[in-house]
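Enquirer: Sequence lines, in order, name chains A and B.
Note that numbering that gives the first Met the number 0 has the first sequence beginning at 0, numbered continuously upward.
Note that numbering that gives the first Met the number 0 has the second sequence beginning at 0, numbered continuously upward.
Idealized CB from N, CA, C, for every residue including glycine.
Handing you this structure, nothing more for now.
2 protein chains.
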Amino acid sequence: MAMAGATMHHRTADFRALYSKVLADLRVFIGTRNDVILFTSSGTGAMEASVCNLTSPGDRVLVISAGKFGERWEALARTFGCQVDTIRAPYGQAVSPMQVKEKLTPAHSVVYMQATESSTGVRHDVASIARLLKGTDTLLVVDAITGLGTTNFNVDGWGIDVIIGGSQKAVMIPPGLAYCSVSERAWRRMEITRNPRYYFDLRKERKNGAKGESSYTPSTVLVAGLSAALDYLREQGGGDLTAGRDLLIANAEKAALMTRCAAQSLGLRLFAEDSPASALTAIASPKGMDSGKIVKLFRERFGAVIANGQGEMKGQLFRIAHLGFYDYLDTISMIGALEHVLIEAGVEIELGAGLCSAQQAFTVLEQAAA
Amino acid sequence: MAMAGATMHHRTADFRALYSKVLADLRVFIGTRNDVILFTSSGTGAMEASVCNLTSPGDRVLVISAGKFGERWEALARTFGCQVDTIRAPYGQAVSPMQVKEKLTPAHSVVYMQATESSTGVRHDVASIARLLKGTDTLLVVDAITGLGTTNFNVDGWGIDVIIGGSQKAVMIPPGLAYCSVSERAWRRMEITRNPRYYFDLRKERKNGAKGESSYTPSTVLVAGLSAALDYLREQGGGDLTAGRDLLIANAEKAALMTRCAAQSLGLRLFAEDSPASALTAIASPKGMDSGKIVKLFRERFGAVIANGQGEMKGQLFRIAHLGFYDYLDTISMIGALEHVLIEAGVEIELGAGLCSAQQAFTVLEQAAA
C-alpha cells in the first residue's frame, strides 16, 4: 500500500525527507554508525560497488567462497582486474577462520565473504574472521544480503568495513534496492583506488545521500516500501527499531531450528550440517531423488514455493527460506506439507514426526526465553 | 494495481513468461528487430552499459552534448578510459548534423548522443546524424530515455545501434528499470572490447533474457507494472501496440505544441527555441526572476510539480513534461495555472491569452488530422 501511494517526484522536499529517513533507519537496522548507501539495483550491484570502489587493477584480494555467491565475488574481483586468492569450502560446508588465518597475508587489500551463503544454507563465522583482520590494512567486505535480519552482527565492534543487504530479503519488500554501510577506512581506501565506477560510485552517493538525494533517479516506490517495512519493524519492537530487528532475527532462528529438527527427524540430511544459517535451510534430496520433484510437488499440491539448488547443485537439494514474515504458522504448515510431499514422492517417513519435532523445538525455545 | 499483485518469485515459470512478454513488447514499443535488454537500475545504468560494453580503455569516442545528460556521456566515457571528443552546443541549442559531419572521423569507435536532452528541452536530429554513420564502423548510441514514446524513431532503418529508455518516462510506471535495444554490430563489437562489466554485462543479459530470465534478481513489481503499461498502450491502439505507441507520441507532440504556443503568447521565451523536444517544454524564466519562484508557486497554489533547471541552469528556466499520461486536460489546466502563477509572481500578462493560444493550436492539429 505504501508503494502504491508513492507518487512523489524524487527531486522534491517530500522525497528528500523520506530518503533521509530510510538511510537513517537502515543505519539502525544494520546497527552501525557508518554511512549507509542505497542503490537501485539487485544486491549484486552493491557487491560490484564493493569491488570497483575498493580495488585497483592488480590488487590482491582474498575471497572466502562456500557456494555460488562466493563464486560471484571471485568473478567480480577478476572482472575488475584483481589477483584473486580463494579459500574454497565444498558445497555445504563453511570456510573456517583457521583456514583464513593460514592464507591471509598483508598483501591482501580486501577480504570478500558471505555471512550466509544462500546457495548452500551455510553460515560463516564473521566475528572470528573479522578478528583476524584487526590491526591490519585489509578491509573486510561482507555480503549479508540474506544475513541482515536473520543473523546477529556487531558491525562496528567487529570492524566490518562494508556490509551489504537487499530489499527483498529480511526487510520483506520486493527486489530492486541494494544497500550497504561503509566504514571510514573504506572511504579512505577510495581516495587511492583506480577501478572505473560511475553508476555504483559510493562517494558520489555519500555526498548526495547527505542531502537526501540519490545520484540517479531512484526506485521511488521501493524506497517508500522500505520505509514502511522499517516502520513495521519499529512497531514490532514497541517503538524501537533495534528491538524490532532483534525480534526478526530471533524469529528466523526459531523457524530455522524448527525446520532443521523436523528434517532430521524425517530422516533427511541437512545440506549444511555443521554450520547452518538461520536465513534458510538447505536439505539434501533423499538418495536417488531429484529435488526438483519435491519443489514441483510443493507448488502443485500446496501452491507453495521452495527453491531448488543453484547451478551444479540443482537436483541435489531444496531450500526453505526463513526471512522476514515467515513465522511459526508458516513454518509448521510448510513442515506438514513437506511430509505429504515426501510420501507422495515415495519416501518412507512417519507422518507427523517432523511436526512433532518442530513443536518440541519451539517449546524448548519458548521455555528458554521465559 | 499490477505492481501490488506481483508477488511471484523471479525464478518461476510464471515470471519467466512475464519477463519474455515484456522483452517482446519492448521490441515492438522501440520498433526494432534487435534484442532488447532490461536492467534493474535507473536509465543511467543502461548508459553505463553502453560505455563499458562497447569500449576499451584508450578508445576515441565522439560525444554530442547539449546539456547535463550530454555531459553525463562525457563523464561516463572518461570513467572508462576513453579519449573523448565533444561537440558542445550552448544550453538551449542543439548540435547540428553539419557540426557532427565536420568533427566525425573513422577513429571514433562510438558516437554517444541524446535524442531529447531533457535538461534543456532540446531535440536532436537523430536521423541525419545516423545517416552520417552509414557505411562506417562507428556505432551510434542514443539516450532516448525521454525520447522513446515522445519522438518517432526508425531504429533499424536509421541504424541506431543502441537506443535507451527508462521505465518512469513515456511508459508511465515508477522509476527503477532501464531498457535498451542492441544491434548485431554492437554485439560483435563486444567480442573485442575490454572494459570491465559485470552487473551491466549486456551479453550475459542477452543469454539469460532468451530464457526469460535476468542475470540478477530483477525488480519484479516494476516488470509487472511495465507489462501492464504496455498492455494499456496496446489497448489504446485497438490491440496494436505500435499504433498505441504512435498515439502516445502524437499526444506528446500535441501537448508540447499547445504549451509552446501558450508560452509564446504570454510573452515567455522558449529555452529551446530552434529545436524543441516533444518530451518536455523548457521555458526561460521572465527577466530578473528566479524560476524557483514559479516552481514553488505551482506547488503551493496548485499542488502541481514542474521542474526547475538542473545544475548551472537552476533558476533560469522551468520545465513542463509531456510524457505518457499527460493529455489535453492536463495541458490546458497547467497553462491556466501558469497564468495565475505568473501574475502572482509579478509578471504582466493577459489572463487567458495562453489558454486561447493553446486551444487554437489544438484545433489546428485536430483539423489537420481530420
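Given that Ala74(B) touches chain A, what residues does it touch there, using C-beta distances under 8 Å?
Expert: Position 75 of the second sequence, counted from the start, is the residue given in the question as residue 74(B). Those within 8 Å of Ala74(B) in chain A are Tyr197.
Enquirer: For the region 137-169 of chain B, which residues have a beta carbon sitting closer than 8 Å to at least one beta carbon of chain A?
Expert: Hits within the stretch, in order: Gly165, Gln167.
Enquirer: Could you check whether the Cβ of Phe317(B) sits closer than 8 Å to any Cβ belonging to chain A?
Expert: On the second sequence, residue 317(B) is found 318 positions in, with the first residue counted as 1. Chain A contact via Cβ: absent.
Enquirer: Mind listing, in chain order, the continuous alpha helix (DSSP H) runs of no fewer than 4 residues lying wholly within the region 224-280 of chain B?
Expert: 240-264
Enquirer: Does the CB of Thr43(B) have a neighbour CB from chain A at under 8 Å?
Expert: For the purposes of this step, residue 43(B) is identified with residue 44 of the second sequence, where counting begins at 1. Thr43(B) belongs to the set of residues whose beta carbon lies under 8 Å from a beta carbon in chain A.
Enquirer: Given this structure, state the Cα-to-Cα distance separating Leu229(B) from Tyr197(B), to the nearest angstrom.
Expert: For the purposes of this step, residue 229(B) is taken as the residue at position 230 of the second sequence. For the purposes of this step, residue 197(B) is taken as the residue at position 198 of the second sequence. For Leu229(B) and Tyr197(B), the distance between alpha carbons rounds to 29 Å.
Enquirer: At what residues does the alpha helix (DSSP H) containing Leu25(B) begin and finish?
Expert: Against the second sequence, residue 25(B) aligns to sequence position 26. Counting along the chain, the alpha helix (DSSP H) containing Leu25(B) begins and ends at 12-29.
Enquirer: Of all the residues that make up the region 180-192 of chain B, which are near chain A by a beta-carbon distance shorter than 9 Å?
Expert: none
Enquirer: If you scan the region 125-173 of chain B from start to end, which runs of the alpha helix (DSSP H) of 4 or more residues do you find wholly inside it?
Expert: 125-132, 154-157
Enquirer: Report all residues from its chain with a CB closer than 8 Å to the CB of Gly236(A); omit the five preceding and five following residues, and keep chain order.
Expert: As a first step, residue 236(A) must be located in the first sequence, where it is residue number 237. Excluding residues within five positions, the ones whose Cβ falls inside 8 Å are Ala242, Gly243, Arg244, Asp245, Leu246.
Enquirer: Among Thr150(A), Ile342(A), Ser180(A), Gln315(A), which one has its Cα closest to the Cα of Ile248(A)?
Expert: Counted from its first residue, the first sequence places residue 248(A) at position 249. Nearest option by C-alpha distance: Thr150(A).
Enquirer: Along chain B, in chain order, which residues have C-beta atoms closer than 7 Å to that of His8(A)?
Expert: Along the first sequence, read from residue 1 onward, the residue named residue 8(A) stands at position 9. Close to His8(A), with beta-carbon spacing below 7 Å, are these residues of chain B in chain order: Val304.
Enquirer: In the region 202-227 of chain A, which residues sit with their C-beta less than 7 Å from some C-beta in chain B, listed in chain order?
Expert: If the cut-off is 7 Å between Cβ atoms, the region 202-227 of chain A has Tyr215, Thr216, Pro217, Ser218, Thr219, Val220, Leu221 near chain B.
Enquirer: Put His107(A) into one of helix, strand or coil per three-state DSSP.
Expert: Counting from one through the first sequence, the residue named residue 107(A) turns up at place 108. Three-state result, His107(A): strand.
Enquirer: Within a Cβ cutoff of 7 Å, which residues of the same chain sit near Leu240(A), ignoring the five residues on either side of it in sequence?
Expert: In the first sequence, the residue the question calls residue 240(A) occupies position 241. These residues qualify, in order along the chain: Asp24, Val27, Phe28, Leu229, Leu232, Arg233.
Enquirer: For Arg196(B), does the three-state DSSP call read helix, strand or coil?
Expert: Mapped onto the second sequence, residue 196(B) falls at position 197. Coil at Arg196(B), not helix or strand.
Enquirer: Among the residues of its own chain, which have a CB less than 6 Å from the CB of Gly313(A), if the five just before and after it don't count?
Expert: Reading the first sequence from its first residue, position 314 is the one you call residue 313(A). The question names Gly, but residue 313(A) is Lys in the sequence shown. For Lys313(A), where only same-chain residues beyond five positions count, the Cβ hits under 6 Å are Asn307.
Enquirer: Report back the beta-carbon spacing between Ala169(B) and Leu147(B) to the nearest angstrom; my notes put them in contact at under 8 Å.
Expert: Numbered from its first residue, the second sequence carries residue 169(B) at position 170. Numbered from its first residue, the second sequence carries residue 147(B) at position 148. Sure, about 6 Å apart at Cβ, within 8 Å.
Enquirer: Are Cys179(A) and Ala45(A) close, meaning C-beta to C-beta below 8 Å?
Expert: On the first sequence, residue 179(A) is found 180 positions in, with the first residue counted as 1. On the first sequence, residue 45(A) is found 46 positions in, with the first residue counted as 1. The answer is yes: Cβ separation under 8 Å.
Enquirer: Tell me which residues share the same chain as Leu350(A) and place their Cβ nearer than 6 Å to its Cβ, disregarding the 5 neighbours each side in the sequence.
Expert: By one-based count along the first sequence, residue 350(A) stands at place 351. Hits under 6 Å: Glu338.
Enquirer: For the alpha helix (DSSP H) holding Tyr327(A), just list the boundary residues, first then last.
Expert: Mapped onto the first sequence, residue 327(A) falls at position 328. Looking at the DSSP string, the run of the alpha helix (DSSP H) that includes Tyr327(A) is 327-343.
Enquirer: Quick check on this structure: which residue in Ile162(B), Ala344(B), Lys210(B), Ser95(B) has the alpha carbon closest to the alpha carbon of Tyr111(B)?
Expert: As a working note, residue 111(B) is residue 112 in the second sequence. Among Ile162(B), Ala344(B), Lys210(B), Ser95(B), the Cα nearest to that of Tyr111(B) is on Ile162(B).
Enquirer: If we cut at 8 Å on Cβ distances, does Gly80(B) have a partner in chain A?
Expert: Locating residue 80(B) in the second sequence gives position 81, counting from the first residue. With 8 Å as the cut-off, Gly80(B) counts as an interface residue toward chain A.
Enquirer: Only counting the same chain, and skipping five residues up and downstream in sequence, which positions put a Cβ closer than 8 Å to that of Arg32(A)?
Expert: Here residue 32(A) is taken as the residue at index 33 of the first sequence, counted from 1. Contacts found: Arg26, Asp155.
Enquirer: Is there at least one Cβ from chain B nearer than 8 Å to Met333(A)'s Cβ?
Expert: What you label residue 333(A) is simply residue 334 of the first sequence in a count that begins at 1. Chain B, which has no Cβ nearer than 8 Å to the Cβ of Met333(A), makes this no.
Enquirer: Whole beta strand (DSSP E) runs in the region 73-99 of chain B with 3 or more residues, listed along the chain?
Expert: Qualifying beta strand (DSSP E) stretches, in chain order: 82-87.
Enquirer: List the residues of chain B whose Cβ lies closer than 8 Å to the Cβ of Ala3(A), in chain order.
Expert: Taking the first sequence and counting its residues from 1, the one referred to as residue 3(A) is at position 4. Simply Met0, Met2, Ala3.
Enquirer: Please list the partners that Thr11(B) has in chain A, where partner means a Cβ-to-Cβ separation under 9 Å.
Expert: As a working mapping, residue 11(B) is identified with position 12 in the second sequence. Those are Arg298, Val304, listed as they occur along chain A.
Enquirer: With respect to the beta strand (DSSP E) encompassing Ile319(B), which residues constitute its N-terminal and C-terminal limits?
Expert: Numbered from 1 along the second sequence, position 320 holds the residue referred to as residue 319(B). First-last of the beta strand (DSSP E) with Ile319(B): 316-320.
Enquirer: What does the alpha-carbon distance come out to for the pair Asp58(B) and Val140(B)?
Expert: On the second sequence, position 59 is the one that residue 58(B) refers to. On the second sequence, position 141 is the one that residue 140(B) refers to. Take the alpha-carbon of Asp58(B) and the one of Val140(B): they are about 15 Å apart.
Enquirer: Gln113(A) by DSSP, collapsed to three states: which one?
Expert: In the first sequence, residue 113(A) corresponds to position 114, counting from 1. Strand at Gln113(A).
Enquirer: Which of helix, strand or coil does DSSP assign to Ala65(B)?
Expert: On the second sequence, position 66 is the one that residue 65(B) refers to. In the structure shown, Ala65(B) sits in coil (DSSP, three-state: anything other than H, G, I, E or B).
Enquirer: Does the region 64-72 of chain B come within contact of the region 292-306 of chain B, defined as at least 3 CB pairs closer than 8 Å?
Expert: no
Enquirer: Taking 8 Å as the CB-CB limit, is Thr115(B) close to chain A?
Expert: Position 116 of the second sequence, counted from the first residue, corresponds to residue 115(B). No, Thr115(B) lies away from the interface with chain A (no Cβ there is under 8 Å from its Cβ).
Enquirer: Quick one: list the residues of chain E neighbouring Ser118(B), beta-carbon separation under 9 Å, in chain order.
Expert: Included in the structure are the protein chains A and B, with no chain E among them.
Enquirer: When DSSP labels each residue in this structure, what does Ile374(A) get in the three-state scheme?
Expert: Summary: the structure shown does not reach residue 374(A), with chain A confined to residues 0 through 369, and so no result is reported for it.
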